[in-house]
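Anchor point for the sequence shown: position 18 equals 17 in the numbering used here, and the numbering is continuous, going up by one each time.
Cβ atoms here follow ideal geometry from the backbone N, Cα and C, with glycine treated the same way.
This one's a predicted model, so the numbers in the text were calculated from it and none came from an experiment.
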Amino acid sequence: MMFNWLSLVTGLFYIVLGVVVIIYKFFFTVLEPAIAYAMGAVLILYGIFRIYRAILRIKDSGNEK
């Protein structure tokens, strides 16, 4: 159960990281704008995916009990 909540927090972290990459165009090195937008979008989409899967697992674990 704790893993599901940790996955939810990790998803939020990825979304925030994606926004930061888009705004500052930096990820361990200065990025070109096109690369920054693409990388930020991928990070945000992955964060949304992690949150979606965590929510599904939390709902499923509630139905088992």
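Residue environment analysis places residue 44 among the exposed positions, since fewer than 16 neighbouring C-beta atoms fall within 10 angstroms of its C-beta.
With contacts defined as CB atoms closer than 8 Å, residue 11 and residue 46 qualify as a contacting pair.
Annotation for residue 9: the continuous alpha helix (DSSP H) segment containing it runs 1–23.
The straight-line gap separating the alpha-carbon atoms of residue 62 and residue 51 is approximately 17 Å. With at least 16 other beta carbons inside 10 angstroms of its own, residue 13 counts as buried.
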